[in-house]
Structures are given as structure tokens and as C-alpha cells.
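If you're matching them up, the sequences are chains A and B in order. Here the first sequence is numbered in the UniProt record's numbering, starting from 1 and rising by one per residue. Here the second sequence is numbered in the UniProt record's numbering, starting from 1 and rising by one per residue. Even glycine gets a Cβ: it sits at the ideal position worked out from N, Cα and C. Here the structure is a predicted model, which means the values were calculated and not measured.
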Amino acid sequence: MGKERIEQIFQEKQSAGQKLFIPYIMAGDGGLDILEERIQFLKDSGVAAIELGIPFSDPIADGPTIQAAGQRALSNGTSLKAVLNHLQNFEAKPEVPIIFMTYLNPIYNYGLEKFAADCEKAGVDGIIIPDLPMEEEDMIAGALRAHSIAFIRLVAMTSPRERMIEIAKRSEGFLYAVSVMGTTGARQSHGKNVKAYLDTLKENSPVPVLAGFGVSSVEQANELGTHCDGVIVGSKIVDLFHQRQDAEVRKLVQGSIEVGVKG
Amino acid sequence: MTTYTMPDETGRFGSFGGRFVPELLMPALLELEEAYEQAKNDPQFIEELHYYLKQYVGRETPLYFAEQLTKEVGGANIYLKREDLNHTGAHKINNTIGQALLTLRMGKKKVVAETGAGQHGVATATVCALFDLECIVFMGEEDIRRQKLNVFRMELLGAEVRSVSHGSGTLKDATNEALRYWASNVNDTHYILGSAVGPHPFPKIVRDLQSVIGKETKQQIVEQTGKLPDAIVACVGGGSNSIGMFHPFIEEEAVKLVGVEAAGAGIDTEQHAATITKGSKGILHGTLSNLLQDENGQITEAFSISAGLDYPGVGPEHSHLNETGRVHYAAITDDEALDAFQALSRIEGIIPALESAHAVAYAMKLAKEMKPDQTLVICLSGRGDKDVEQVKDRLEEK
């Protein structure tokens, strides 16, 4: 469960010479009914884990694509409670780790202790909270630990070196390296300093380093993938699923994980 | 007398406050905190701030004995702290002058801000013109519609106003967008947050800079009446004018402090902005405070006739002062505020901002219950010229 499951599956992928690929999907975008099927589809495409976004009315770390997906999810009635219930009623537990990406307020409102306990019941393996920096994480760290939920930390390009190292040391499962200055969403390219940033993290992180934000193509995934253990792709995946281009999603995943074999 | 030392070094006011922002912004908050702590102990910074507040803003503002209003209401002697007489017409500039000086100290050349009514946007654009800083102001499209003239003012002053169309198109959404913009440009840009909200150290910085209101009031009321006031009333949206007014009086426990929120169509309807009166604890825009939210933790829309009070959150220090009971929070409806808007105009020849009219409305009720030898101070946070057109339309609808 949780941290161990993420570590184990990541190791399997890496031993097979693959780069790690984590897609982000918004829970409830297109309805919760399609969630189980979509998770299976992504699993079959070769992803290492799935980042499942919980919609929030005020997502300050997200760009227009994920904001719109969140609005669609909210307007068809998606809530944290509904997502947790839905996961619990899956016919079989997904064979791929499920990682929640949620802003703090929906889980604070739900109750942090109860949230951690219900995540465990629903088979959630890890959690990413984009608006909870190191200084404030004590409010939930204990509850997550008690329920074996991996607490994945985010590090940014603005973090000073010692802070980066401290965040990497605390992170469980993997380290989420925010690789743009700004919000989620497609970018043309990542600058030179991103590579140096990822190299620094890679040298200092006891857990795998995955680059996220702004990654939208196989080329970018391959380029960044040579400086870390893999990538997280959000807006592009959300967009492709929204346009029903599932085959394109599969191509993006497969092209991105194969870099390890080639390189 | 108890000593009041909030916030602590982590930015907590009791159980409220803190820093709930993406990691990307944390280093900027730590840099700001350090720059501010140095600046406030630097005599040169203090002297410069005083110079601009006096020569440019026009401080100190009068504490005016509203004799006609006092007679009309019957009860306590009513005094008005005339923040409406500041340059740009509201208290907002007390904060923007200070934060612009901090921007310069940090070696940043660009400023981003959010605005609701446009008062903070204008006050930010003004100081950016003065100190030659590049300025981008995010404003909800609904507010742009309500406050066309303020948009033009900001543009005249050289700022770029960016319209925010998603969400309810008001202050909350403009703040989201300003935070996103700041995250993308944090290396050369300072975010001049306009209210006593947001992540630490903003609530502290804004309060300290606005405390000039309360400090002057304290001195002026003693000069004029020989004693401290019995009650002080100020409006609360995010709560910057009120916290600036209240802070120097927190330890003076004999002084009754009242914060007035916007009850919109009524606090028993869905259409209000009474965050403390009706909200619950949660996290929005980087701080843990009282919020208007649904049962799933989604932030709900605030409603008020006054764009400046139309915010579903409130400064964390207000939540704390409510919890300890030091400040009493009440709510005034749109209609009551409109009546007070007209009453103050007619009786004293002072057109208040719709925000401030909420404080006036409550104060008129409170003064009536007080004795003639007691005094009550209203923080008249801004002038109402910006609201005249909207009030005209609203009165004609009736």
C-alpha cells in the first residue's frame, strides 16, 4: 500500500529500462462513470501511476486547461466525497498507484484525519497538495503517515539549494519537480536552467525525480527525461481526453516511456 | 491590560493565518518578510514613508466631529476619521506607498495587484507612476463593468488593467489571477496585495501600514475630547481599513471595536458577503481564515452592492479577533448601506464610499443606544464619487 506500492512499481518500470510517466486526469471531467475505464486504459498504456485531480473552485497553481476541466467536473457535481466513494466501489483495485492532487481547502473541509483514513480505504496511494509548503505540512503529515499514504512534495525552480535538498529528503514515493516558472499548462520549451535544476535534484534526491508542469509532447518528455526519472503530463492529457483522442494519449505515454530504452 | 503581539513568527494569529502557497512563491514570501523586518527598523525607510504620507498622500487626515449627524441620530458624539480625504480618495494608498517603497528596496521593477472596487488598483497605479514601476492590475469583468471610471483612472496612470472573466468575475477571481501572474514573474515582480489577507507576511505588513489610521485617531480623539473613544466602527471586506483602525486600540479594552460586514440581500439569504458572521474555517489565497464555502470546501460567491466588500474571505487577524471576542462583528444590508450613503451626503455634505456606508449605517444604530457623553468613531475609509452612478441606477430601479 501507499509508499511501498509506488516504490515497487516504479522500480519494476525502471528495471525494465523505462522512464516513468504519470498522467494527470481531473476526477469527474466527463463524469465519474468513465473513471475506472480511463484508469485501466492508462495502466494498459504503460503509466507508472495516475495523478487524479480533485476539482477546486480556486486552483491558483493551474493554468486555463486544468481550470476549465475543474469547472466541468464541479458543474457535474463532482466532490471529494463522491470521488472517494466512487473509488471504493471499483470492481477491482486499480493495478496502478492512484495519487490524489488536491488543493488544501477541500480536504481541510472534509477533515484531515478522516481524509487520510478514507484515502486508505479507497486505495489511494499518495497525495500531492500544491498549496501546502514545508512550513505548514505538519497539519497533515502525521495523519498521512498513520494511514500509509505517500506524501509527495513539490519543489520549485525558485527554491534555494538547501531548501531543495530538504524537500527532496522529506518526499515520499517520488519528488515532484515543478519545471516552469508559473502555472500548469503547455509550454513551447523548457530553458537550459531547467536541466541544471533537474540535475541538482537528481544528485540530491533519495527518491525518483519527476518533472511536471509545461510538459506536453514526447519530445519534451524525452528531453527532460534524460535529466530525471520521468515526467508528469497534465494539461495535454486532460485536453486529449476531453477531445476524445484516446489513441493520442496512448502514443504520448508510449513515446515518453521508451526513452530509457533508446538512450 | 494584556499585551498583543500577533502574529507569531509563522504568521499565525491564534489558529488563523499562515502561508498556504505553492512552493514556487515561498522564497518570495521569505524574501519579503526579511525585507520588511529590516525596513521597519530602518530610520531611513520610516522617514521616507512619513515624507510621502505627509507630502504626497496628505496625512494626517482629519478626525471630524460630525455635529449634524450626532444631532440627527441622538446619542453618542460621532466622529469621522476622514480617510476619504487621502490622495486617490481612500485608505488604500497608506498600504501601496509602503509596499512600493519595499518593492524598490527589494530591487524589483514590476508590480502586480488585484482590485475589487478599483480603489486598490488606483492606489497601486498611482504609486507605480510616482516611483516609475511597471504595473499590471487584475480586475474581475463584473467589477470592471461596475467601476468603469476607476479602470480609466488606472490606465491614465500608466497601468495595464487585465480583465478576469472566469468565476464570478470579481475580487476573488482577480486575486487568483494575480497570484498566478506573480508565480510566473516572481523574480522581478512584487505583488502589492491590497487587503489584510493572503499569506504571511501580507496580513502583517498591510495592517502595520494601515495602522497609521488608528494611531492618528488615538491622538486626535484624546486632543479633542480628552479621552479615548467608547466605540469604533469600521467596515470589513478583506479588512484592511478596519484592522489599521483597530490595531492601536486592541489593548485598550474599554474601547468597543465593531467590524461591519456586508449582508448584501440579507444574511439569511444566499446573497451576502458576511464571512465572519456566516462563514466557516478554511484556506483561500494563502491564508487560513473564515470563508464562504459549500459543504465540499468549494468557495462560494460573495454578494454585496459594494465591490470592495464583495470577497468570500477575510483577513486572518479578524477571524482571530472574532474568536477571542475582542472585536464584535455585525452585518449591514445593501439597503441599509444605501440609506446611510444618502443620509451622510445630506446631513454632513460628505458622500461616503458604499463600503464605508456600511460602517456609517451600523454606527448610526449603535450611537442611538449610547449616551450623549460617549463618543463613537467611524472609519470613513473612502469617498463615494466612484459609487454615485451605481447608486443612481439602483435608486431609480426602486
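Task: Endpoints, alpha helix (DSSP H) assigned at B/Y191 - done: Run containing B/Y191: none in the alpha helix (DSSP H); it sits in the beta strand (DSSP E), T189 to Y191.
- [ ] Step through the CB atoms of chain A and report whether any lies within less than 8 Å of the CB of B/L171.
- [x] no
Open item on the list: Which of the three DSSP states is assigned to B/F138 in this structure?
Closed with: Annotated three-state conformation of B/F138 is strand, per DSSP.
Open item on the list: Just to confirm the assignment, what range does the alpha helix (DSSP H) spanning A/I6 have?
Closed with: Residue range G2 to S15 is occupied by the alpha helix (DSSP H) that includes A/I6.
Open item on the list: Between B/K172, B/G167, B/Q119 and B/K218, which has its C-alpha nearest B/K148's C-alpha?
Closed with: The shortest C-alpha separation from B/K148 is found at B/Q119.
- [ ] Provide the residue(s) that pair with B/K81 in DSSP beta bridges, ordered along the chain.
- [x] B/L63 and B/C379
Task: Sequence ranges, beta strand (DSSP E) only - wholly within the stretch 196 to 228 of chain B, length at least 3 - done: Here no run is fully enclosed.
Task: Selection of the stretch 129 to 148 of chain B by Cβ proximity to chain A, strictly under 9 Å - done: none
Open item on the list: Using a Cβ-Cβ cutoff of 8 Å, what residues of the stretch 5 to 23 of chain B are near chain A? List them in chain order.
Closed with: T10, G18, R19, F20, V21, P22 and E23
Task: Neighbour flag for A/E136 against chain B, beta carbons, 8 Å - done: yes
Task: Expected contact under 8 Å - CB spacing of B/G238 and B/Y311 to nearest Å - done: Between B/G238 and B/Y311 a beta carbon distance of about 6 Å is seen, short of the 8 Å cut, so the two are scored as contacting.
- [ ] To the nearest angstrom, report how far apart B/V222 and B/L380 are at their CA atoms.
- [x] C-alpha of B/V222 to C-alpha of B/L380: approximately 19 Å in a straight line.
- [ ] Could you check if B/Q38 is buried or exposed, using at least 16 other CB atoms within 10 Å of its CB as the buried criterion?
- [x] exposed
TODO: State the DSSP-derived secondary structure class of A/C228, mapped to helix, strand or coil.
DONE: coil
Open item on the list: For chain B, check one thing: does any of its Cβ atoms lie closer than 8 Å to the Cβ of A/D29?
Closed with: no
Task: Contact list for B/Q298 against chain A, beta-carbon separation under 9 Å - done: Chain A residues near B/Q298: P55, F56, S57, D58, L74, S79, N105, P106 and N109.
- [ ] Please look up how many angstroms separate the CB atoms of A/G126 and A/G2, rounded, as I've assumed it's under 8 Å.
- [x] 7 Å
Open item on the list: Please tell me whether A/G260 has its Cβ less than 8 Å away from any Cβ of chain B.
Closed with: In this prediction, A/G260 has a pLDDT of 46, which is less than 50 and means its spatial position is unreliable; nothing more can be read from the coordinates.
Task: Short Cβ contact (8 Å threshold) for A/A82 with A/P55 - done: No, the pair does not count as a contact, with Cβ atoms beyond the cut-off.
Open item on the list: If you measure between the beta carbons of A/Y176 and A/L144, is that distance less than 8 Å?
Closed with: no
TODO: Grab me the residues of A/C228's own chain with a C-beta within less than 6 Å of its C-beta, minus the 5 sequence neighbours each way, in chain order.
DONE: L198, K202, V209 and A211
Open item on the list: Is there a C-beta anywhere in chain B that falls below 8 Å from the one on A/D131?
Closed with: For A/D131, the answer is yes, since a Cβ of chain B falls inside 8 Å of its Cβ.
Task: Below-8 Å beta-carbon distance, A/G263 vs any chain B residue - done: Because the pLDDT of A/G263 is 38, which lies under 50, any placement of that residue in the model is unreliable, and the number read from its coordinates should be weighed accordingly. No - not a single Cβ of chain B is within 8 Å of the one on A/G263.
Task: Identified DSSP bridge partners for A/P23 - done: Note: A/P23 sits in a beta bridge opposite A/V233.
Task: Proximity to B/S195 [Cα-Cα], best of B/T96, B/P229 and B/V233 - done: B/T96
TODO: With DSSP as the reference, label A/G263 as helix, strand or coil.
DONE: Here the model assigns A/G263 a pLDDT of 38, short of 50, so the residue's position is not dependable, and the following value carries that caveat. In the three-state reduction of the DSSP assignment, A/G263 falls in the coil class, being assigned neither a helical nor a strand state.
- [ ] Give a yes or no on whether the minimum CB-CB distance between A/A177 and chain B is below 8 Å.
- [x] no
Open item on the list: Strictly under 8 Å for the Cβ-Cβ distance: is A/A156 near chain B by that measure?
Closed with: yes
Task: Supposed close pair B/P316, B/G17 - CB separation, criterion 8 Å - done: Cβ-Cβ separation between B/P316 and B/G17: approximately 4 Å, consistent with a contact (criterion under 8 Å).
Task: Neighbourhood of B/T275 by C-beta, 7 Å cutoff - its chain only, sequence neighbours within 5 removed - done: E261, N290, L291, L292, P312, G313 and V314
Open item on the list: I need the boundaries of the alpha helix (DSSP H) containing A/A73, first residue and last residue.
Closed with: For A/A73, the enclosing alpha helix (DSSP H) stretches over residues P64 to S75.
Open item on the list: By the three-class DSSP mapping on this structure, what secondary structure does B/T96 have?
Closed with: Helix, per DSSP.
Open item on the list: I'd like to know if the stretch 104 to 115 of chain B and the stretch 133 to 145 of chain B are in contact, where contact means that at least 3 CB-CB pairs between them fall below 8 Å.
Closed with: yes
Open item on the list: Within a Cβ cutoff of 6 Å, which residues of the same chain sit near A/I129, ignoring the five residues on either side of it in sequence?
Closed with: L104
- [ ] At 9 Å on the CB atoms, spell out the chain B contacts of A/K65, in chain order.
- [x] Residue identity check: residue 65 of chain A is Thr in the sequence provided, not Lys. Within chain B, no residue comes near A/T65; the closest Cβ sits about 12 Å away, beyond 9 Å.
TODO: Return yes when the Cβ of B/E83 is within less than 8 Å of the Cβ of B/I61, no when it is not.
DONE: Checking the sequence, you will find Thr at residue 61 of chain B rather than Ile. Cβ distance < 8 Å, so B/T61 and B/E83 count as in contact.
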